[in-house]
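Chemist:
There are 2 protein chains.
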Amino acid sequence: MNLTVAEENYVKAIYKLQEGDQAVTTNALAYELDTKPASVTDMAKKLKEKKLIDYEKYQGITLTPEGRKTALQIVRRHRLWECFLVDKLSFSWEEVHELAEELEHVRSEKLINRLSDFLGNPVIDPHGDPIPDAHGRMAKPRPQTPLDQANAKRLVVTAVSDQSTALLAFLNAKGIKLGTQLEIVAHYEFDNSIEIKMKHLPSLTISEQVAKNIMVRPL
Amino acid sequence: MNLTVAEENYVKAIYKLQEGDQAVTTNALAYELDTKPASVTDMAKKLKEKKLIDYEKYQGITLTPEGRKTALQIVRRHRLWECFLVDKLSFSWEEVHELAEELEHVRSEKLINRLSDFLGNPVIDPHGDPIPDAHGRMAKPRPQTPLDQANAKRLVVTAVSDQSTALLAFLNAKGIKLGTQLEIVAHYEFDNSIEIKMKHLPSLTISEQVAKNIMVRPL
DNA sequence: AATTAAATTTAGACAAAGCTAAATAATAAA
DNA sequence: TTTATTATTTAGCTTTGTCTAAATTTAATT
Ligand SMILES: [Mn+2]
Ligand SMILES: [Mn+2]
Ligand SMILES: [Mn+2]
Ligand SMILES: [Mn+2]
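Chains G and E, in that order, are what the protein sequence lines are.
Mind the numbering: the first sequence is residues 1 to 219 in full-length UniProt numbering, read in order.
Mind the numbering: the second sequence is residues 1 to 219 in full-length UniProt numbering, read in order.
#1: Of the residues E:E32, E:T26, E:H105 and E:R79, which one's Cα is nearest the Cα of I53 of chain E?
#2: Any chance you could list the residues with Cβ under 6 Å from a heavy atom of ligand 1, keeping chain order?
#3: If we count the other Cβ atoms within 10 Å of its Cβ and call it buried at 16 or more, is R79 of chain E buried or exposed?
#4: Residues of chain E with CB under 9 Å from E102 of chain G, in chain order?
#5: Write down the C-beta distance between V156 of chain G and G179 of chain G rounded to the nearest angstrom, noting that I regard them as a contact closer than 8 Å.
#6: Given a threshold of 16 other Cβ atoms within 10 Å of its Cβ, counted over all protein chains shown, does N9 of chain G qualify as buried or as exposed?
#7: Tell me which residues share the same chain as V86 of chain G and place their Cβ nearer than 8 Å to its Cβ, disregarding the 5 neighbours each side in the sequence.
#8: Beta-carbon of L99 of chain G versus every beta-carbon of chain E: anything under 7 Å?
#9: Excluding sequence positions up to five away, which residues of its chain have a Cβ less than 7 Å from the Cβ of T165 of chain G?
#10: Cα separation between E32 of chain G and A13 of chain G?
#11: Relative to the alpha-carbon of P141 of chain E, which residue among E:N151, E:P130 and E:A134 has its alpha-carbon at the smallest distance?
#12: In the DSSP assignment, the alpha helix (DSSP H) including D117 of chain E goes from what residue to what residue?
#13: Tell me which same chain residues have a C-beta within less than 7 Å of the C-beta of P143 of chain E, skipping the five on either side of it?
#14: Counting along the chain, where does the beta strand (DSSP E) carrying I61 of chain G start and finish?
#15: Thinking C-alpha only, which one of E:P122, E:Q59, E:L89 and E:S108 is nearest D117 of chain G?
#16: Does the beta-carbon distance from G136 of chain G to K69 of chain G come in below 7 Å?
#17: Using a Cβ-Cβ cut-off of less than 9 Å, list which residues of the stretch 74-92 of chain E approach chain G; keep chain order.
#18: Give me the Cα-Cα distance between E66 of chain G and P132 of chain G, rounded to the nearest whole angstrom.
#19: Under 6 Å Cβ to Cβ from E104 of chain G, same chain only, skipping five residues before and after it: list those, please.
#20: Can I194 of chain G and H200 of chain G be called in contact, C-beta distance under 7 Å?
#21: Could you check what DSSP says for E49 of chain E in three-state terms: helix, strand or coil?
#22: Using the three-state DSSP reduction, which class does E43 of chain E fall into: helix, strand or coil?
#23: Helix, strand or coil for A186 of chain E? Go by DSSP, reduced to three states.
#24: What is the DSSP secondary structure of V123 of chain G, counted as helix, strand or coil?
#25: What do you reckon, are the CB atoms on E102 of chain E and V106 of chain G nearer than 7 Å?
#26: Contact defined as beta carbons within less than 8 Å: I believe V160 of chain E pairs with L171 of chain E. What is the distance between those atoms, to the nearest angstrom?
#27: Using the three-state DSSP reduction, which class does K197 of chain G fall into: helix, strand or coil?
#28: Which same chain residues end up closer than 7 Å to P37 of chain G when comparing Cβ atoms and leaving out the 5 residues on each side of it in sequence?
#29: Thinking C-beta only, is T62 of chain E closer than 7 Å to A23 of chain E?
#30: Give the residues of chain E in contact with L115 of chain G, contact being defined as C-beta atoms less than 7 Å apart.
#31: Compute the distance between the beta-carbons of E183 of chain G and K212 of chain G, then report whether it is under 7 Å.
#32: What distance in whole Å lies between the Cβ atoms of V210 of chain G and K197 of chain G, which are believed to be in contact at a cut-off of 8 Å?
#33: Shortest alpha-carbon distance to Y58 of chain E belongs to which of E:A44, E:A71 and E:N192?
#34: Nearest-angstrom Cα distance between L168 of chain G and I214 of chain G?
#35: For the beta strand (DSSP E) that V106 of chain E lies in, which residues bound it at each end?
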């Protein structure tokens with residue numbers, strides 16, 4: 001099926017919001033895509049027509065199996081381009097999302113498979129997110145939790161769930177990246193901030209907001 | 001100025017057709033872009049509004065200096081992506097044009113300059129066409145002529161002027177590529193076909209059509 | 001110079017993707 | 001269970017880029 005760029009962006013956004021299998025709401029999708037609910041309703045009708053989503057008035061949106069397959073292809077392209085930009089062109093992780101948002105729409109199986117080979121068939125992208133293979137399968141991520149809910153003391157950073165430039169730039173400034181090892185020094189109940197310690201660095205206190213978006217697993 | 005993909009394709013096509021400085025006709029542009037003359041007229045009005053072209057009814061189209069600058073940026077992106085695809089992803093020269101046609105529309109100075117560095121700042125693309133630098137300057141190509149007009153006997157292939165898959169595939173089949181050295185054995189007046197000889201290979205006769213599109217210079 | 005042919009433009013329509021404002025449905029509060 | 005609030009949809013309009021058919025201009029031929 002031949003999708004427009006807009007349709008691809010919708011399908012990917014629905015995939016992202018559809019954690020598990022609960023329906024995605026019109027408003028949530030509008031917010032995610034920085035558009036208006038009325039526009040989402042319009043597009044929902046088109047995507048239903050193309051059998052990429054299940055949609056009934058007022059009932060929210062879910063991807064069909066076909067839609068999910070499509071979404072995974074787009075996610076694959078997005079994440080592989082991110083890897084390319086970071087690994088080969090030396091971009092930093094907060095710069096690549098925007099560019100990948102455009103590169104992901106160049107549709108060519110051959111291109112993307114060769115790109116994957118060229119990169120050594122990576123399985124996670126620069127933000128720690130898994131990359132679907134050519135068949136849409138991804139390594140199920142090793143168990144990870146947001147830093148604010150971690151119970152172990154010694155942890156390693158495995159991903160960032162919010163990928164805004166603002167958060168990533170903050171983490172850069174503090175020297176936190178994928179693979180960074182850290183120790184929880186204290187929880188402060190007042191604002192749920194967390195004090196952490198990385199090797200060779202003075203300890204540092206981060207807000208709950210930040211902690212929620214750093215994914216970790218026990219070391 | 002922020003151009004749409006369609007506008008970029010028009011500007012690039014006008015640049016391509018505007019050999020020297022003669023105006024590009026509506027019909028020629030429509031044919032080049034595989035669209036209809038009426039659509040070209042519509043777009044001409046928009047591009048004039050954006051000061052990218054000079055255009056008066058019935059008088060044809062020429063790029064303004066601003067338009068030429070824009071065109072050179074697009075050409076730069078196109079040709080650098082072609083280099084990437086051939087040099088890094090092992091595509092062959094007849095496969096890359098289509099893909100570059102899409103990749104060229106990802107607008108990022110930083111991306112394209114890093115890509116250029118990554119590729120070693122190449123100055124010609126896989127078809128022998130010069131690549132504009134970041135300032136829009138290109139090495140003026142060494143003098144070259146179409147094979148059908150060459151007077152020297154021993155020649156080297158420097159570029160292909162028609163880049164259709166059909167021609168490139170034909171050249172592949174015959175073992176002709178950039179840098180190939182050949183000798184003219186005979187001209188046949190009947191159909192202007194040309195017999196050529198490459199080292200270690202039996203001689204071979206090519207049509208005028210083909211010869212017109214192989215650019216060569218004396219060895 | 002008049003006529004024919006070719007090139008170009010205009011008029012009117014359509015599909016895609018978006019918007020605002022108004023209407024309707026679903027949910028939450030009183 | 002009414003009432004108020006929030007979520008969603010509908011209606012109508014806009015922009016971009018395309019098309020066909022008709023009109024007009026320019027160029028080429030008698
Ligand atoms: Mn995108
Ligand atoms: Mn990512
Ligand atoms: Mn293009
Ligand atoms: Mn080329």
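Glycine included, C-beta positions come from ideal geometry on N, C-alpha and C.
Keep in mind it's a predicted model, so treat the numbers as computed, not measured.
Modeler: Put simply:
#1: On the second sequence, residue 53 of chain E is found 53 positions in, with the first residue counted as 1. Nearest option by C-alpha distance: E:T26.
#2: G:N9, G:E101, G:E104 and G:H105
#3: Taking the second sequence and counting its residues from 1, one reaches residue 79 of chain E at position 79. Buried, because 16 or more other Cβ atoms sit within 10 Å of the Cβ of R79 of chain E.
#4: Stepping through the first sequence from its first residue, residue 102 of chain G is reached at position 102. Correct list: H105, V106, R107 and S108.
#5: Working through the first sequence from its first residue, we reach residue 156 of chain G at position 156. Working through the first sequence from its first residue, we reach residue 179 of chain G at position 179. Right, the Cβ-Cβ distance comes to about 6 Å (below 8 Å), so this counts as a contact.
#6: On the first sequence, position 9 is the one that residue 9 of chain G refers to. So N9 of chain G counts as buried.
#7: Position 86 of the first sequence holds residue 86 of chain G. Within the same chain, V86 of chain G has close Cβ partners S92, W93, V96 and P126.
#8: Along the first sequence, one-based indexing puts residue 99 of chain G at 99. It does: the Cβ of L99 of chain G has a partner Cβ on chain E nearer than 7 Å.
#9: Here residue 165 of chain G refers to the residue found at position 165 of the first sequence. Excluding sequence neighbours, T165 of chain G sits near E94.
#10: Here residue 32 of chain G refers to the residue found at position 32 of the first sequence. Here residue 13 of chain G refers to the residue found at position 13 of the first sequence. For E32 of chain G and A13 of chain G, the distance between alpha carbons rounds to 7 Å.
#11: The residue you call residue 141 of chain E lines up with position 141 of the second sequence. It is E:P130 whose Cα lies nearest to the Cα of P141 of chain E.
#12: In the second sequence, counting from the first residue as 1, residue 117 of chain E sits at position 117. Counting along the chain, the alpha helix (DSSP H) containing D117 of chain E begins and ends at E109 to F118.
#13: Residue numbering aside, residue 143 of chain E sits at position 143 when the second sequence is read from its first letter. The residues are R217.
#14: Your numbering for residue 61 of chain G matches position 61 in the first sequence. Taken as a continuous stretch (DSSP letters only), the beta strand (DSSP E) holding I61 of chain G covers I61 to L63.
#15: Position 117 of the first sequence, counted from the start, is the residue given in the question as residue 117 of chain G. Considering only alpha carbons, the answer is E:L89.
#16: Numbered from its first residue, the first sequence carries residue 136 of chain G at position 136. Numbered from its first residue, the first sequence carries residue 69 of chain G at position 69. Yes. Within cutoff.
#17: L85, K88, L89, S90 and F91
#18: The sequence position of residue 66 of chain G within the first sequence is 66, counting from 1. The sequence position of residue 132 of chain G within the first sequence is 132, counting from 1. If you take the alpha carbons of E66 of chain G and P132 of chain G, they lie about 15 Å apart.
#19: As a working mapping, residue 104 of chain G is identified with position 104 in the first sequence. Excluding positions up to five away in sequence, the list reads I74, R77 and H78.
#20: Here the question's residue 194 of chain G lines up with position 194 in the first sequence. Here the question's residue 200 of chain G lines up with position 200 in the first sequence. No, the pair does not count as a contact, with Cβ atoms beyond the cut-off.
#21: In the second sequence, residue 49 of chain E corresponds to position 49, counting from 1. E49 of chain E falls in the helix class under three-state DSSP.
#22: Taking the first residue of the second sequence as 1, we reach residue 43 of chain E at position 43. Here residue 43 of chain E turns out to be Met, not Glu, going by the sequence shown. M43 of chain E falls in the helix class under three-state DSSP.
#23: The residue given as residue 186 of chain E occupies position 186 in the second sequence. Strand.
#24: The sequence position of residue 123 of chain G within the first sequence is 123, counting from 1. Coil, per DSSP.
#25: Numbered from its first residue, the second sequence carries residue 102 of chain E at position 102. Numbered from its first residue, the first sequence carries residue 106 of chain G at position 106. It is a contact, given that the beta carbons lie within the stated cut-off.
#26: One-based indexing of the second sequence puts residue 160 of chain E at position 160. One-based indexing of the second sequence puts residue 171 of chain E at position 171. About 7 Å separates the two Cβ atoms, so the contact holds.
#27: The residue you call residue 197 of chain G lines up with position 197 of the first sequence. Here K197 of chain G sits in strand by DSSP.
#28: Taking the first residue of the first sequence as position 1, residue 37 of chain G is located at position 37. For P37 of chain G, where only same-chain residues beyond five positions count, the Cβ hits under 7 Å are T26, N27 and A30.
#29: Mapped onto the second sequence, residue 23 of chain E falls at position 23. Mapped onto the second sequence, residue 62 of chain E falls at position 62. Closer than 7 Å, so yes.
#30: Counting from 1 along the first sequence, the entry for residue 115 of chain G is found at position 115. Per Cβ cutoff of 7 Å: L89.
#31: Taking the first residue of the first sequence as position 1, residue 183 of chain G is located at position 183. Taking the first residue of the first sequence as position 1, residue 212 of chain G is located at position 212. For E183 of chain G and K212 of chain G, no; Cβs fall outside 7 Å.
#32: The residue given as residue 197 of chain G occupies position 197 in the first sequence. The residue given as residue 210 of chain G occupies position 210 in the first sequence. About 15 Å; that fails the 8 Å criterion.
#33: Walking along the second sequence from the start, residue 58 of chain E turns up at place 58. Nearest of E:A44, E:A71 and E:N192 to Y58 of chain E, Cα basis: E:A44.
#34: Looking up residue 168 of chain G in the first sequence gives position 168. Looking up residue 214 of chain G in the first sequence gives position 214. Rounded to the nearest angstrom, the two C-alpha atoms are 10 Å apart.
#35: Numbered from 1 along the second sequence, position 106 holds the residue referred to as residue 106 of chain E. Unbroken run through V106 of chain E: none, as it is neither H nor E.
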